[in-house]
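*Asks:* So the sequence shown is numbered by our numbering: it starts at 327 and just counts up by one. A virtual CB, placed ideally from N, CA and C, is assigned to each residue, including glycine. After the structure tokens below, expect a handful of questions from me.
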Amino acid sequence: MIVGGAVRDVMLGRRPPDWDLATDLRPAAVATLFPRVNRAGEKHGTIMVLTGHGPVEVTTFRGEGPYLDGRRPSTVIFHDDLEADLARRDFTINAIAADLATNEFVDPFSGEMDLRRGRVRAVGDPRQRFAEDGLRSLRAIRLAAVLGFEIDKATKDALPGAVEVLRQVAWERRRDEMARLLAGAVALAPAVRLLVDSGLIREVAAELEPAPLKAVARLDRLAPDPWLRLAGWATAARLEPHAAAGVATRWRAGTAVARAIESQTKGYQRLGRRPPTGAALRLWLAEVGPEAALGAAALAAALRPDPWQRFPAAVRRTLARKPCLSLATLAVDGHDLEAAGFFGPAVGRILQALLREVLHRPALNQETRLLALAHTLSTATDPRLALGP
């Protein structure tokens, strides 16, 4: 039988990202049926079947002992009762089994009705479900956000009691749940309100709590990139760039993600009151860097009023012209200056001065013009141009 989120997605007309099967066969028997399997989860009843279309989890019907670590049951007992297996699942909309060959559905907890009503409801006592696995509280909010559902009152009321058990969950698991929420939410503000009202925000990123919901709602305008939206959330909360990057670091999102978020938020903060144009735009692009600038421009368009909505397009147009924004794209380099008679520390100072001039006047970026300008700058008496000793 197909179980879990795949059945839910099929019933909603969505394409399931993966497929899970449940069976009364014991794990060892399942493993013998397929040529390629991963048996890492066998003691918990799961055999990963490796297919040409991706992995498929096949799990034996099971009962579970007490959860002692907020993640996994202390014991697993295999049995032949499908409904008992469904009873251990988190939410009713995930506790439906289907045989698509016969169009037979097993739905002991009225999950189909909850799908029709747009409701996330725990199977049985929500306090018990949340105590078993600390991630289920976040998953409830994520499912509601991604599907555009409401959370059943009893399930919502149980969320604050899940704070302590969420604290036991590894940051990597919290990160995955939050990334899926940020990327897929129909509307972010209601999800953030639930995180704040329940207190779960303290076990996700307490520093993001001050973000006004009106500002968070504007983040729906951003592309469904979880890290760009995290940067936007941090910006709405007025975090300093290093603090914004700190959230990604705590979530174990990786050094590259943390650096990107820091650069994007820093680029946003270095924007003035109006969108820069011309030389000011090129100077900003040179300071921030093209990749971070695109993210910062998107944040500005989402969080600021007109005329900032047109700013990302202006940034893309400017970058498409491939302007010189760094020493690497300057038409001369240190060897050229040395050949022209410049030596020592003066070479670096002249290159920086040439880049500043090119940022203001892109047409100057030609070898002959820059070498002539280098001689002019090296002997200039105008304090705006003088290179100094």
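Any chance the segment 381-389 sits against the segment 403-411, with 3 or more Cβ pairs inside 8 Å?
*Replies:* Flag = yes, the segment 381-389 and the segment 403-411 touch.
*Asks:* Have a look at alanine 622 and valine 641 and give me their C-alpha separation to the nearest angstrom.
*Replies:* Distance between the alpha carbons of alanine 622 and valine 641 is about 10 Å.
*Asks:* Can you say whether alanine 563 is buried or exposed, counting buried as having 16 or more other CB atoms within 10 angstroms of its CB?
*Replies:* Alanine 563 is buried by the Cβ-count criterion.
*Asks:* DSSP puts leucine 376 in a beta bridge; with which residues?
*Replies:* The partner list for leucine 376 (beta bridge, DSSP) reads Pro381.
*Asks:* Okay, do the segment 524-532 and the segment 597-612 touch, 3+ Cβ pairs below 8 Å being the bar?
*Replies:* Contact fails: fewer than three Cβ-Cβ distances are below 8 Å.
*Asks:* Rounded to whole angstroms, what is the Cα-Cα separation between aspartate 344 and valine 382?
*Replies:* Going from the Cα of aspartate 344 to the Cα of valine 382 covers about 7 Å.
*Asks:* Please classify proline 709: is it buried, with 16 or more other beta-carbons within 10 angstroms of its beta-carbon, or exposed?
*Replies:* With a pLDDT of 49 at proline 709, under the threshold of 50, the modelled position of that residue is not reliable, and no figure is offered here.
*Asks:* When the Cα atoms are used, what is the spatial distance from aspartate 546 to valine 333?
*Replies:* So the two alpha carbons sit approximately 28 Å from each other.
*Asks:* Drop a sphere of 10 angstroms on the beta-carbon of proline 361, count the other beta-carbons inside from all chains shown, and report buried for 16 or more, exposed for fewer.
*Replies:* Its Cβ having fewer than 16 others within 10 Å, proline 361 is exposed.
*Asks:* In terms of alpha-carbon separation, which member of Glu588, Thr428 and Ile422 lies closest to serine 436?
*Replies:* Closest option to serine 436, Cα to Cα, is Ile422.
*Asks:* Compute the Euclidean distance between the alpha carbons of alanine 560 and glutamate 498, then round it to the nearest angstrom.
*Replies:* Cα-Cα distance, rounded: 19 Å.
*Asks:* So what's arginine 445 in DSSP terms, helix, strand or just coil?
*Replies:* Arginine 445 falls in the strand class under three-state DSSP.
*Asks:* Does any C-beta atom of chain C lie closer than 8 Å to the C-beta of valine 530?
*Replies:* This model lacks chain C altogether; it includes just one protein chain.
*Asks:* Which same chain residues end up closer than 6 Å to serine 524 when comparing Cβ atoms and leaving out the 5 residues on each side of it in sequence?
*Replies:* Same-chain partners within the cutoff: Leu485 and Pro486.
*Asks:* Which complete alpha helix (DSSP H) runs does the segment 507-581 hold, if anything under 4 residues is left out?
*Replies:* As far as the segment 507-581 is concerned, its whole alpha helix (DSSP H) runs of at least 4 residues are 514-524, 539-544, 552-562 and 567-576.
*Asks:* Among Met504, Ala424 and Ala654, which one has its Cα closest to the Cα of leucine 722?
*Replies:* Nothing can be reported for residue 722, as the shown portion of the chain is limited to 327 through 715.
*Asks:* Is it the case that the Cβ atoms of leucine 696 and leucine 680 are separated by a distance below 8 Å?
*Replies:* Yes; because the gap between Cβ atoms is below 8 Å, this pair is in contact.
*Asks:* For isoleucine 422, which three-state DSSP category applies?
*Replies:* If DSSP states are grouped into helix, strand and coil, isoleucine 422 belongs with coil.
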